[in-house]
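Below is one structure; the comments refer to it alone.
There are 2 protein chains.
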Amino acid sequence: MHDQTPCIDFSRCESVYVPLAESIRRLIDLSIRTEAGPAAVAAAKARIDSAADELSERLHPGPVGVRQLPDGQTIAWGNAVVGLRNPVAPPLVIHHEPNGLVWSDFVLGAAYEGPPGNVHGGVCALVLDHVLGATTHRPGRPAYTGTLTLRYRRPTPLGQPLRAEAHVERTEGVKMFAVGHLADADGVTVEAEGIFIHPRQRPG
Amino acid sequence: MHDQTPCIDFSRCESVYVPLAESIRRLIDLSIRTEAGPAAVAAAKARIDSAADELSERLHPGPVGVRQLPDGQTIAWGNAVVGLRNPVAPPLVIHHEPNGLVWSDFVLGAAYEGPPGNVHGGVCALVLDHVLGATTHRPGRPAYTGTLTLRYRRPTPLGQPLRAEAHVERTEGVKMFAVGHLADADGVTVEAEGIFIHPRQRPG
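Sequence order for the protein chains is U and A.
Each residue of the first sequence is one higher than the one before, counting from 1 in this note's numbering.
Each residue of the second sequence is one higher than the one before, counting from 1001 in this note's numbering.
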């Protein structure tokens, strides 16, 4: 019998589900890179399917969305870029400086490949959309992407330290204009600019 | 003892590694949505770690890149959008029509979430970068993204049928101008245009 107590406490959720996602991130990388033979792969797959059956016993019916913590803070557990419970997310840790600069340092592995040995151009777009958008978020008021333009200056390498950073250039009513870039140790690889929109507050 | 024969035959690779990636895709979704208690999660994690150890015994040293098949065709096993061995990839199946139209039908689940219930704007960019780029690929001559511009018209829903499509609007030397969009049953959600570049052929 397994403990079936629902996980409603943040620190407990963090200690239970975050390590699970980390284990699955390792598995994703291995899925691409393993050269194990058919029998070893079949044995591993059987264990994975068994683990999945166990995790399926109690399921949230849809995507997780943004959860509010008892202290009023929100957390996007399932977010495709920063979600700590989402193994697809690298996950990026986003830093906000007092002067408005937003930045994140990370390394992208085999799961984010496009051109051989390099980060998929669309993954660069995914990261930059998120980091530019993060410059415009206000507590309880998420911003949505209006337009996003990316200029690819050179390939972005897999397996090497990368930094994404962005700041708001100007604001016009509900529109915020953000600029930023992705860089490796040799400098900028992709430049981005975006217009982000704060939708009107919903009543209630 | 497990069979450790390397997998060099395409159909055998497909039958061995593709089902593994599919099992891991299911696990990714469950990682986000499970409400299993701490003991059940710990048991599942132990099985996952054991599977990972087994898959680690023989590893390709880096990302997989593009592999050439004996018949000269290429396959991007690890690609972040279409890679059949990459659990991060939905994976999209890309169709090429004789008139140049490229399209793909797919559904994105909880792992691709941005705003609650909707596809992350950056994931829309990831998919559109790939589908626009696919209009410009020529056998043995991959195209690289030069610029990409996205206009977000409304949210793109998770869990519902989506279509991405694109075509080349015009070509100028090494530059190809592609346009396309992402749509749900009610019409276009995101529009995209991109400039893709064919690098000069490398000797050899």
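Ideal Cβ placement from N, Cα and C applies to all residues, glycine included.
All values derive from a computational prediction rather than experimental measurement.
Item: Below-9 Å beta-carbon distance, E35(U) vs any chain A residue; Value: yes
Item: Proximity test, Cβ basis, 9 Å: D1049(A) and chain U; Value: yes
Item: Sequence-distant residues of its chain with Cβ nearer than 8 Å to C1007(A) (five each side left out); Value: Any answer about C1007(A) is weak, because its pLDDT of 48 lies below 50 and its placement is not dependable; what the coordinates show is given next. Excluding residues within five positions, the ones whose Cβ falls inside 8 Å are C1013, V1016, Y1017.
Item: Chain U contact residues for W1077(A), given Cβ-Cβ distances below 8 Å; Value: I32
Item: Short Cβ contact (9 Å threshold) for I24(U) with L1027(A); Value: yes
Item: Residues near G1114(A) in its chain [Cβ-Cβ closer than 6 Å; skip 5 each side]; Value: H1120, G1121
Item: Proximal residues to T1147(A) (C-beta, below 8 Å), its chain only, five neighbours per side dropped; Value: G1194, I1195
Item: Range covered by the beta strand (DSSP E) that runs through D49(U); Value: First-last for D49(U): 38-55, but that is the alpha helix (DSSP H), not the beta strand (DSSP E).
Item: G1122(A), enclosing alpha helix (DSSP H) - first and last residue; Value: 1121-1134
Item: 9 Å Cβ cutoff met for N99(U) and A1110(A); Value: no
Item: Under 9 Å from the C-beta of A1111(A): neighbouring residues of chain U; Value: P63, G78, A80, G83, N86, P87, V88, A89
Item: Per-residue contacts from S23(U) into chain A (C-beta, under 8 Å); Value: K1045, I1048, D1049, A1052
Item: A74(U) classed as buried or exposed, judged by whether at least 16 other C-beta atoms fall within 10 angstroms; Value: Before going on, a small fix: residue 74(U) reads as Thr here, not Ala. Label assigned to T74(U): exposed.
Item: 9 Å Cβ cutoff, T149(U) in contact with chain A; Value: yes
Item: Below-9 Å beta-carbon distance, G173(U) vs any chain A residue; Value: no
Item: Under 7 Å by beta carbon: chain D residues contacting V66(U); Value: Looking at the structure shown, chain D is missing, and the protein chains on hand are U and A.
Item: Within chain U, the residues that V1123(A) reaches when beta carbons sit closer than 7 Å; Value: A80, L126
Item: Residues of the segment 94-108 of chain U with Cβ closer than 8 Å to any Cβ of chain A, in chain order; Value: none
Item: Cα-Cα separation, L1128(A) to L1059(A); Value: 31 Å
Item: Backbone secondary structure at E97(U) - three-state DSSP; Value: coil
Item: Sub-9 Å separation of A39(U) and A1125(A) beta-carbons; Value: no
Item: Rounded straight-line distance, which links the Cα of D1105(A) to that of E1035(A); Value: 30 Å
Item: Chain-ordered chain A contacts of H181(U) [CB-CB under 9 Å]; Value: Within chain A, no residue comes near H181(U); the closest Cβ sits about 14 Å away, beyond 9 Å.
Item: R138(U) in three-state terms, based on DSSP; Value: strand
Item: Chain-order list of residues whose beta-carbon lies under 6 Å from that of H167(U) (same chain, five-residue window excluded); Value: G100, L101, T135
Item: Euclidean distance between Cα positions of A185(U) and A1185(A); Value: 44 Å
Item: Contacts that P1161(A) makes with chain U (C-beta to C-beta distance below 8 Å); Value: Within chain U, no residue comes near P1161(A); the closest Cβ sits about 16 Å away, beyond 8 Å.
Item: Closer than 9 Å to chain U by CB, R1138(A); Value: no
Item: Assigned exposure category for R141(U) - 16 Cβ within 10 Å defines buried; Value: exposed
Item: Amino acids of chain A, ordered along the chain, whose beta-carbon sits closer than 7 Å to that of T145(U); Value: G1121, Y1152
Item: Reduced DSSP category for A1080(A) - H, G, I as helix; E, B as strand; rest coil; Value: coil
Item: Simplified DSSP assignment, three categories, for R154(U); Value: coil
Item: Enclosing alpha helix (DSSP H) for R1026(A) [first to last residue]; Value: 1010-1033
Item: Backbone secondary structure at A231(U) - three-state DSSP; Value: Because chain U is modelled from 1 through 204, residue 231(U) falls outside the range shown and cannot be assessed.
Item: Chain A within 9 Å of S11(U), Cβ atoms only; Value: no
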